[in-house]
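Residue numbers (my numbering): 1000 to 1411.
For reference, the structure is listed below as structure tokens.
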Amino acid sequence: MCIKRIKGLNKGVSVKSAKFIWTEPHSRRLNVEITVHGELPTGDMVAQEILIEFVVHSQQCSDCTRTAAKDYWNACVQVRQRVDHKKTLINLEQTILRAGAHRECSNVKQIADGVDFYFGTRSQAVSFVNFLCKHAPCRYQTSQHLKSHDVHNNTYNYKFTFSVEIAGICKNDIVCLSKAQSQRLGGIGPLCVVTKVAEAIHLIDPVTCQICWVDGSSYFANPFTAIASQKQFSPFVIVEIEEDDDRTEKSSTGTAPVGARISQRHRSASVWLMRLNQKLDEDDPQGGLVHTRTHLGHIIHVGDTVRGLDFRNCNINHQEFEKLNESHIPDVILVLRATQSTDGDDLTETHSSRSVPISAKRRRQVSVAESSTTMGTTNDVRTLEPTPLDSGMELSEESDDNNGEHWFDVAE
């Protein structure tokens, strides 16, 4: 390497030997003694020993030079989700941390609608984008910006930007599908609940317990929006439950098309509800109770507090929702069950419609008191009041058998 830097060696002379001469390590000097041979015009051969001194100069590497110039990245991944609540982004953040996909990031910045990830090379950004597409329904676009150009060797230096858009649907949202979308998804009902958002959007019909999946490409080809999120849900108290047996379940799910996929983890049930902290209305024939069907029959009990959307007291501005027949719109759609305390009061809400199996349900004692108030065609009204649990009664919770997931997620 040192000999290549010597000028004039290719002009009629040749190097026959070369050796280093020892110098002090801290002197930053390299002495090289070379022996050159040449031929005179008379034809005689001559040789000469030459001592050449090289000076070592400190120089930054290319990465340090870019850092000093505040040029930290060559590729940027812009992750965006335009929704009011960032539940999907929070779940995606935990997935990235568990998998360690952020280790190659040079910087991470939080933006109003998402997060920006910066990488040193384009290949690292492409790997990160592929990771996002495997764990969330999303699409992306690429762009590049010319940073520099070397006219001597015809090389270009670009900065790349990947704009990743995540589907604007989050867990526990209520969506309204068009007629064409319902038929495309196997004839599922127009009003569905989002039970999970991962590599695909998992939907369930709360009336028939029919389920379907919508992947990212299908969603962005025919997008749909949520008509209500968890912030719009109201608390209700379960007054009466009519669980479907095998014969009733077949008739109740008969509205589902032939060959439809029915969820085995959920159970359809008819329930009577009452708003939390609301008294019986004697002027109302039903006493202020609301009847609806729900897919949470496997986790709810009489006296439990649940949360759902009350269509009677909400104003929904949605084009597809306005096309629905009023007879097909339920009064209430239940989405999740709140975590119950030992004394029957509502403490916090769970962000999942999943719960422990039936064998591990929490046992509750309910006292039934008869009243002389009439309700509809009946002669009495039963007021259900949860009583405190016995001291010897245990609360059992089993873990999910599906890949070891927890039944109740952490609140946002």
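Think of the CB as a built atom: it goes at the ideal place given N, C-alpha and C, for glycine as much as any other residue.
Can you name the start and end residues of the alpha helix (DSSP H) that I1089 belongs to? 1086-1098
Specify whether the region 1189-1201 and the region 1210-1226 touch according to this definition: at least 3 beta carbon pairs, one from each stretch, less than 8 Å apart. yes
Assign N1156 to one of three DSSP states: helix, strand, or coil. strand
Classification of T1376 by the beta-carbon crowding that lies within 10 angstroms, buried from 16 upward: Per-residue confidence for T1376 stands at a pLDDT of 38, beneath the threshold of 50, marking its modelled position as unreliable; the derived number appears in the next sentence. Label assigned to T1376: exposed.
Closest to P1136 by CA distance: which of G1185, S1122, F1219, R1121 is it? F1219
So, at 7 Å on beta carbons, what are the nonlocal neighbours of R1081 in its own chain, with the 5 sequence-adjacent residues on each side left out? D1112, G1167
Short Cβ contact (7 Å threshold) for V1331 with N1171: no
From the DSSP output, read off the bridge partner residues of G1113. R1079, I1110
Straight-line gap, S1233 to T1194 (C-alpha atoms, nearest Å): 18 Å
Helix, strand or coil for R1183, going by three-state DSSP, please let me know. helix
Buried or exposed (CB count within 10 angstroms, at least 16 for buried), V1055: exposed
Return the bridge partner residues of E1164 from the DSSP annotation. R1079, R1138
Quick one: using the 10 Å Cβ neighbour count with 16 as the cut-off for buried, is N1106 buried or exposed? exposed
Go ahead and pull the three-state DSSP assignment for P1024. helix
Going along the chain, which residues of its own chain have a beta-carbon closer than 8 Å to the beta-carbon of C1001, five neighbours each way excluded? L1029, V1031, I1051, F1053
Alpha-carbon spacing of S1013 relative to R1027, whole angstroms: 28 Å
Would you mind giving the Cβ-Cβ distance between R1336 and V1305, rounded to the nearest angstrom? I have them listed as a contact below 8 Å. 5 Å
Cβ separation of G1296 and E1242, assumed to be a contact under 8 Å, to the nearest whole Å: 5 Å
Please tell me whether Q1123 and E1103 are closer than 7 Å, where the distance is taken between their beta carbons. yes
How many Å lie between I1210 and R1292 at the Cα? 16 Å
Selection from V1174, I1173, I1203 that minimises the alpha carbon distance to G1185: I1203
Exposed or buried, what is F1019 when buried is set at 16 or more other beta-carbons lying within 10 Å of its beta-carbon? exposed
C-beta atoms of N1153 and S1147 nearer than 7 Å: no
So, helix, strand or coil for G1307, using DSSP? strand
How about V1128 and V1076: are their beta carbons less than 7 Å apart? yes
Nearest-angstrom Cβ-Cβ length linking G1119 and N1090, presumed shorter than 8 Å: So it is not a contact: roughly 27 Å between Cβ atoms.
Which word fits W1271, buried or exposed, when buried means at least 16 other C-beta atoms lie within 10 angstroms of its C-beta? buried
Please work out which residues of its chain come closer than 8 Å, Cβ to Cβ, to S1262, disregarding the five sequence neighbours upstream and downstream, and give them in chain order. I1203, C1208, Q1209, I1210, H1294
I'd like to know whether the C-beta atoms of I1173 and A1259 end up nearer to each other than 7 Å. no
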